[in-house]
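S.K.:
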Amino acid sequence: MESAGKLIDDDELREAMQEKGLGTPATRAAIIEGLIYEKYIHREGRELVPGAKAFQLMTLLRGLDIEDLTKPELTGNWEYQLAEMEKGRLERDAFMAQIAKMAERIVKKAKEYDRDTIPGDYATLKTPCPNCGGVVKENYRRFACNGPKDDGHGCGFSISKIPGSRAFELDEVERFLADKKIGPLEGFRSKAGWPFTAELKLAYDDEIKNWKLEFDFGEDAKKEGESGEPVDFSDQQSLGSCPKDQGHVYEHGTSYVCEHAVGANVTCDFKSGKIILQQPVAREQMTKLLATGKTDLLDGFVSNKTRRKFKAYLAYDKKEGKVSFEFEPRAAKVAGKAPAAKKAAAKKAA
Ligand SMILES: [Zn+2]
Ligand SMILES: [Zn+2]
Numbered sequence: 013m014e015s016a017g018k019l020i021d022d023d024e025l026r027e028a029m030q031e032k033g034l035g036t037p038a039t040r041a042a043i044i045e046g047l048i049y050e051k052y053i054h055r056e057g058r059e060l061v062p063g064a065k066a067f068q069l070m071t072l073l074r075g076l077d078i079e080d081l082t083k084p085e086l087t088g089n090w091e092y093q094l095a096e097m098e099k100g101r102l103e104r105d106a107f108m109a110q111i112a113k114m115a116e117r118i119v120k121k122a123k124e125y126d127r128d129t130i131p132g133d134y135a136t137l138k139t140p141c142p143n144c145g146g147v148v149k150e151n152y153r154r155f156a157c158n159g160p161k162d163d164g165h166g167c168g169f170s171i172s173k174i175p176g177s178r179a180f181e182l183d184e185v186e187r188f189l190a191d192k193k194i195g196p197l198e199g200f201r202s203k204a205g206w207p208f209t210a211e212l213k214l215a216y217d218d219e220i221k222n223w224k225l226e227f228d229f230g231e232d233a234k235k236e237g238e239s240g241e242p243v244d245f246s247d248q249q250s251l252g253s254c255p256k257d258q259g260h261v262y263e264h265g266t267s268y269v270c271e272h273a274v275g276a277n278v279t280c281d282f283k284s285g286k287i288i289l290q291q292p293v294a295r296e297q298m299t300k301l302l303a304t305g306k307t308d309l310l311d312g313f314v315s316n317k318t319r320r321k322f323k324a325y326l327a328y329d330k331k332e333g334k335v336s337f338e339f340e341p342r343a344a345k346v347a348g349k350a351p352a353a354k355k356a357a358a359k360k361a362a
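Under this note's numbering, the letters of the sequence shown match residues 13 to 362, in that order.
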């Protein structure tokens with residue numbers, strides 16, 4: 013965010029933004045935390061990666077022709093004008109009138125917003141509609157049947173583009189429609205923000221006389237987890253005690269869970285995947301995490317977005333209330349530079 017000005021082509025605007033960037037130092041951290049909380053971006057290793065929701069918002073803003081809000085030029089332009097005002101070269105009223113006009117335009121666009129007609133660069137699938145054999149097309153939110161003649165007279169079949177906050181890749185949705193199932197896929201997030209792994213299937217619903225998307229967690233987990241029925245862990249040995257409420261932690265479906273996080277009377281939300289970003293988390297590692305706060309250094313994580321492998325510890329983060337990544341200190345690699353940096357730091361401190 014500090015260096016957002018670099019993305020601007022116009023020299024004057026870029027200069028106006030130099031050393032300022034987007035937001036102020038005081039608000040930046042809160043803005044980033046807010047974006048993570050709302051799932052516009054995800055922390056992955058040391059990086060922040062935009063999620064499906066972020067791309068959807070960009071499509072929306074572009075489709076609504078409110079592109080100003082997607083560009084750092086907007087801030088650059090404001091900073092430039094504020095500087096002009098300081099120098100007495102621009103009237104406050106003129107600036108404010110411009111702001112008011114822009115706000116009016118955005119509100120008008122947002123009011124007229126009809127989510128089914130937002131233009132965008134959408135795909136047409138090769139695989140036909142499972143219900144009527146028609147042409148399936150992407151729109152702003154869904155993949156929807158457009159009818160056998162591709163004329164908008166679809167049969168009503170449609171599925172979400174981002175089930176469980178995870179965006180379909182095009183080749184995945186093609187396979188999914190052809191096979192009526194896919195997975196297990198990683199990278200879903202529950203409403204509470206837990207990552208989870210699941211299979212997806214297309215199930216025929218007699219009531220709507222059409223196919224719909226369903227999550228498939230495997231029969232056992234589904235039977236016990238979703239119905240609110242008590243879960244029987246009596247044939248399992250506990251991995252340790254829950255860092256939140258000291259309950260016993262057991263294996264359950266694709267996760268390790270606190271005994272109080274499933275069943276009829278849920279009072280805890282401790283849960284951690286058995287596979288996280290393609291890294292299997294063995295029972296011994298989960299036991300170690302529960303006993304000491306973190307696992308050994310695991311080296312098989314693969315970033316969803318960059319496809320790069322990375323190493324990390326899994327550790328219980330008290331502040332976030334969940335298991336998250338912890339990284340090796342960087343020190344070893346920059347050993348050569350360390351003395352100089354230390355000296356500089358010592359100077360500063362003095
Ligand atoms: Zn159809
Ligand atoms: Zn618990």
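For glycine and all other residues, C-beta sits at the position ideal for the given N, C-alpha and C.
All values reported here derive from a predicted model rather than from experimental measurement.
Can you find at least 3 beta carbon pairs, one from the segment 62–82 and one from the segment 168–181, that sit closer than 8 Å?
M.R.: Cβ pair count under 8 Å is three or more, so yes.
S.K.: In or out: I43 buried (at least 16 other Cβ within 10 Å) or exposed?
M.R.: Burial call: exposed.
S.K.: On the three-state DSSP scale, how would you describe R342?
M.R.: Coil, per DSSP.
S.K.: How big is the Cα-Cα spacing for A16 and V61?
M.R.: Computed Cα separation, rounded: 16 Å.
S.K.: Measure from the alpha carbon of Q291 to the alpha carbon of each residue in A95, G199, L137, A115, then state which is nearest.
M.R.: Nearest of A95, G199, L137, A115 to Q291, Cα basis: G199.
S.K.: From S250 to V293, what distance separates their C-alpha atoms?
M.R.: Between S250 and V293, the C-alpha separation is close to 16 Å.
S.K.: Suppose you measure from the CA of S267 to the CA of E24; what does that come to, to the nearest Å?
M.R.: Cα to Cα, S267 sits roughly 53 Å from E24.
S.K.: Taking the beta carbon of G46 as the centre, do at least 16 other beta carbons fall within 10 Å, making it buried, or is it exposed?
M.R.: Looking at its Cβ environment, which holds fewer than 16 other Cβ atoms inside 10 Å, G46 is exposed.
S.K.: Using 7 Å as the cut-off, classify the Cβ of G164 as near or not near the heavy atoms of ligand 1, replying yes or no.
M.R.: False, no ligand heavy atom lies under 7 Å from that Cβ.
S.K.: Starting from V61, follow its DSSP beta bridges and name the residues at the other end.
M.R.: For V61, which the question treats as bridged, DSSP gives the partners H54.
S.K.: Is the beta carbon of K323 sitting closer than 8 Å to the one on D308?
M.R.: No, the Cβ-Cβ distance between K323 and D308 is not below 8 Å.
S.K.: Can we count N143 as close to ligand 1, meaning its CB is less than 7 Å from some heavy atom?
M.R.: At least one heavy atom of ligand 1 is nearer than 7 Å to the Cβ of N143, so yes.
S.K.: When every heavy atom of ligand 2 is checked, does at least one fall within less than 7 Å of the C-beta of C280?
M.R.: Yes; taking the cut-off as 7 Å, the Cβ of C280 has a heavy atom of ligand 2 nearer than that.
S.K.: DSSP three-state label for E91, please.
M.R.: E91 falls in the helix class under three-state DSSP.
S.K.: By how many angstroms is the C-alpha of I130 removed from the C-alpha of S336?
M.R.: Spanning the two alpha carbons is a distance of roughly 37 Å.
S.K.: If we count the other Cβ atoms within 10 Å of its Cβ and call it buried at 16 or more, is E236 buried or exposed?
M.R.: Confidence at E236 is low in this model, with a pLDDT of 46, below 50, so its placement is unreliable and the value that follows should be read with caution. It counts as buried.
S.K.: Is it right to say S284 is buried, meaning 16 or more other beta carbons lie within 10 angstroms of its own, or is it exposed?
M.R.: It is buried - the Cβ of S284 has at least 16 other Cβ atoms within 10 Å.
S.K.: Return the CA-CA distance between R319 and K221, expressed in angstroms with no decimal places.
M.R.: If I take the Cα positions, the gap works out to 40 Å.
S.K.: Provide the residue(s) that pair with V269 in DSSP beta bridges, ordered along the chain.
M.R.: Beta-bridge pairing links V269 to Y262, K283.
S.K.: Would you call Q297 buried or exposed, if buried means 16 or more other Cβ atoms sit within 10 Å of its Cβ?
M.R.: By the 10 Å Cβ count, Q297 comes out buried.
S.K.: Take M13 and list the residues in its own chain whose beta-carbon comes closer than 8 Å to its own, dropping the five residues that flank it on each side.
M.R.: The answer, listed in chain order, is G33, L34, G35, R40, I43, I44.
S.K.: Considering only residues of the same chain and omitting the five flanking positions on each side of K415, which have a CB-CB separation below 7 Å?
M.R.: As displayed, the chain neither begins before 13 nor continues past 362, which places residue 415 out of reach and without an answer.
S.K.: Report whether the distance from the Cβ of D257 to the nearest heavy atom of ligand 2 is below 7 Å.
M.R.: Because some heavy atom of ligand 2 lies under 7 Å away, the Cβ of D257 counts as near it: yes.
S.K.: How do the segment 87–106 and the segment 158–168 stand: do at least 3 beta-carbon pairs fall below 8 Å, yes or no?
M.R.: In short, these stretches do not touch, since the Cβ pair count stays below three.
S.K.: Tell me whether the beta-carbon of Y289 lies closer than 8 Å to the beta-carbon of V269.
M.R.: Tyr is not the amino acid found at residue 289; the sequence shown has Leu there. Not closer than 8 Å, so no.
S.K.: In the DSSP assignment, what are the bridge partners of G194?
M.R.: It should be pointed out that residue 194 corresponds to Ile in this sequence rather than to Gly. In DSSP, I194 forms a bridge with L212.
S.K.: Considering K330, what are the terminal residues of the beta strand (DSSP E) in which it resides?
M.R.: Unbroken run through K330: none, as it is neither H nor E.
S.K.: Measure the alpha-carbon distance for P37 versus E91 and round it to whole angstroms.
M.R.: About 15 Å.
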